[in-house]
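Once you know that position 90 of the sequence shown is 90 in the UniProt record's numbering, the rest is easy, because the numbers rise by one and skip nothing.
For reference, the structure is listed below as structure tokens.
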Amino acid sequence: MNDLLDPLLLARWQFGITTVYHFLFVPITIGLATATAVFQTAWYRTGKTEYLRITRFLGNIFLINFAMGVVTGIVQEFQFGMNWSEYSRFVGDVFGAPLALEGLLAFFFEATFIGLWIFGWDKLPRGLHLATIWATAAGTVISAYFILAANAFMQNPVGYEMNAEKGRAELVDIWAVLSNRVVLAAFPHTIAASFMVAAGLIISAAAWHLSRNQHLDTMRPLLKFGLWTMVGAGILTTFFGDQLSLAMVATQPMKMAAAEATYDTVCGADASFSLFTLGTPDGSSELFSIRVPYLLSLLSTHSFDGCVEGINDLQAQYTELYGPGDYSPIIWVTYWAFRWMIGLGLLHVIIAVVGLWVTRKGRLPKQRWIWKVAIWSFPLSIAAMSVGWIFTEMGRQPWIVFSLLPTASAVSPNVTGLEVLISLVVFTLAYGALAVVEVRLILRAIHKGPPDVGEPHPETGKLEPASTVY
């Protein structure tokens, strides 16, 4: 019973559940904001009403998702004070800086222009109104950068000095925090993956209507846009993921070793990429594996002769540096999360490539199963991104701030396990209810399809009779 009411265990579960749930909305928001801006630009340049209808269609889904993301994101900040007060005390001076910039600059910037975009139809000049949605899209990206910069400090702490008297890290160089090697690699990888997630939603929505032979004038170009975005974003995600792996090897070699289940340091041909590995129950050695020679060395060092440090060797180094303890993450979680991230994302890209082929020259497949695959493929990219986030956070363990603060030392000392359990249950139930609301609202918006926008007035150019979006 005491283990079940362990405050540390429960606090980690609560933060994991709420963070992964909130993170579901983030990539959709980033991707849909840009997609909406692209189609409004197309309408602005061509005057074609089908592009305006697509803009309104995507914009409605974007706003639903954005509102839900704001609601679920508020809880994240409260948890730092509720369950992780020692973490907040230790690194709040550093960690809080990029979060403050995100709230004061990026979020309010984003929220302001969303309001102007919603209420500015036919009140602002068309060009200025178009600028508001692009500013909104830029705000979502800038916001992501500041959040990732805060997280990058946890992965690779820079720009701080230790105050021995107060026993805390204090910010001395905000530029070092914002230009952290990890955030410079993680940011483009995350944004590209966000476009994959949004493209997946667009593909599914367009396929649903096309499978019913509905709204062909809008759903044909929307489907093409989603398919090409998925392929292009998939290529960029892979490229930037390679750059992120190099940063990970340099800053957190234990994470890379765990991702590959590499127990002993290997070089050259021995540095092989594991397609499948079974280890001993205690995670100390390998029992069986299927490997590709040289590939791990190539991925980790961009050299066929490079060396990759192993879990056991790193454990010995960290024990000497930081004292007795287990400095390896849960191997099977890290190992499989890394592979699920790659596999699910790759599968979605393959589906998009096939989709481009079967819809070439304007064709629409008659086989129902093809449309069903397109419709139900949406979870692939968002699942890949979620397990990628789990890999990022679980692979850092047992540190909450790598090399500075163990996770076990960061939990609030005066919070009981029962209190954390109660908040865990409440948040989980509340988020479950919000999930039902979110899914129903988005499905309703998708099933309703693009709205009628009327015809433009021959003199003013304004749409009649309905010119507002919502």
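The beta-carbon is built from N, C-alpha and C at its ideal position, and this holds for glycine as well.
Just so you know, these numbers come straight off a predicted model, no measurement behind them.
*In terms of residues, what are the limits of the beta strand (DSSP E) holding isoleucine 400?*
399-401
*Closest Cα partner of tyrosine 327 within the set Ala374, Ser403 and Ile370*: Ser403
*Indicate whether at least one CB of chain D lies closer than 8 Å to the CB of glycine 232.*
Given the protein chain composition of this structure (a single chain), no chain D is represented.
*State yes or no: is the C-beta of glutamate 309 within less than 8 Å of the C-beta of methionine 68?*
no
*What did DSSP end up calling proline 406 once you bin it into helix, strand or coil?*
DSSP places proline 406 in strand when its eight states are reduced to three.
_Do arginine 396 and lysine 255 have their beta-carbon atoms positioned less than 8 Å apart in this structure?_
In contact: lysine 255 and arginine 396 (Cβ atoms closer than 8 Å).
*What is the rounded straight-line gap between the Cα of threonine 407 and the Cα of glycine 31?*
Distance between the alpha carbons of threonine 407 and glycine 31 is about 33 Å.
*Helix or strand or just coil, what does DSSP make of residue 476?*
Within the shown structure, residues of the chain are numbered from 1 to 470, placing residue 476 beyond reach of any answer.
*Could you tell me which residues DSSP puts in a beta bridge with tyrosine 160?*
Leu171
_Taking the straight line between their C-alpha atoms, what separation do you get for alanine 37 and threonine 55?_
8 Å
_Taking the beta carbon of isoleucine 28 as the centre, do at least 16 other beta carbons fall within 10 Å, making it buried, or is it exposed?_
buried
*In terms of residue numbering, what span does the alpha helix (DSSP H) encompassing tyrosine 231 cover?*
Here residue 231 turns out to be valine, not tyrosine, going by the sequence shown. Note, valine 231: alpha helix (DSSP H), 216-251.
*Leaving out the 5 sequence neighbours to the left and right, which residues in its chain are closer than 8 Å to glutamate 459 when beta-carbon positions are compared?*
Since pLDDT at glutamate 459 reaches only 46, below the 50 mark, its modelled position is unreliable, and no value is offered.
*asked:* Suppose contacts are defined by Cβ-Cβ distances below 8 Å. Is alanine 149 in contact with isoleucine 191 by that definition?
replied: no
*What residue from Phe15, Arg45 and Thr140 has the CA that sits closest to phenylalanine 25's CA?*
Thr140
*asked:* Run through the DSSP bridge pairs and tell me what valine 266 is partnered with.
replied: Val308
*What whole-angstrom Cβ distance do proline 98 and valine 177 have, given they're in contact under 8 Å?*
6 Å
*Between Ala193, Tyr335 and Asp217, which lies nearest to valine 231 when the distance is taken from Cα to Cα?*
Out of Ala193, Tyr335 and Asp217, Ala193 has the C-alpha closest to the C-alpha of valine 231.
*Flag this pair as yes or no: are the beta carbons of valine 206 and glycine 234 separated by less than 8 Å?*
With the sequence shown as reference, residue 206 is identified as alanine, and valine is not the correct amino acid for it. No, the Cβ-Cβ distance between alanine 206 and glycine 234 is not below 8 Å.
_Going by DSSP in three states, phenylalanine 378 sits in which element: helix, strand or coil?_
In the displayed model, phenylalanine 378 falls within coil according to three-state DSSP, outside both helix and strand.
*With a CB to CB cut of under 6 Å and the five nearest residues on each side skipped, what residues in its chain are close to leucine 244?*
Ala185, Ala186 and His189
*If you run the structure through DSSP and keep just helix, strand and coil, what is valine 411?*
coil
*Does the distance from the CB of histidine 348 to the CB of serine 386 come in under 8 Å?*
no
*Are three or more beta carbon pairs between the region 60-77 and the region 442-453 nearer than 8 Å?*
Yes, since at least three Cβ pairs between the region 60-77 and the region 442-453 fall closer than 8 Å, the two stretches touch.
*Thinking just about the alpha-carbon of each residue, which of Asn163, Glu165, Met162 and Phe153 is nearest to the one in isoleucine 174?*
With distances taken between CA atoms, isoleucine 174 lies nearest to Phe153 out of Asn163, Glu165, Met162 and Phe153.
_Enclosing alpha helix (DSSP H) for glutamine 76 [first to last residue]_ = 49-82
*asked:* Please identify the residue among Thr72, Phe90 and Ala11 whose C-alpha is closest to the C-alpha of alanine 433.
replied: Checking every option, the nearest Cα to that of alanine 433 belongs to Thr72.
*Given 8 Å as the limit, is there contact between the region 119-137 and the region 37-53, that is, 3 or more CB pairs closer than that?*
yes
*When burial is assigned at 16 or more other CB atoms within 10 Å of the CB, is tyrosine 51 buried or exposed?*
buried
*Name the two residues that bound the continuous alpha helix (DSSP H) containing glutamate 102.*
Here glutamate 102 belongs to no alpha helix (DSSP H), and DSSP marks it neither H nor E.
*asked:* Output needed for lysine 76: all residues of its chain with C-beta closer than 7 Å, excluding positions within five of it in sequence on either side, in chain order.
replied: Residue identity check: residue 76 is glutamine in the sequence provided, not lysine. Result list for glutamine 76: Thr18, Thr19 and His22, in chain order.
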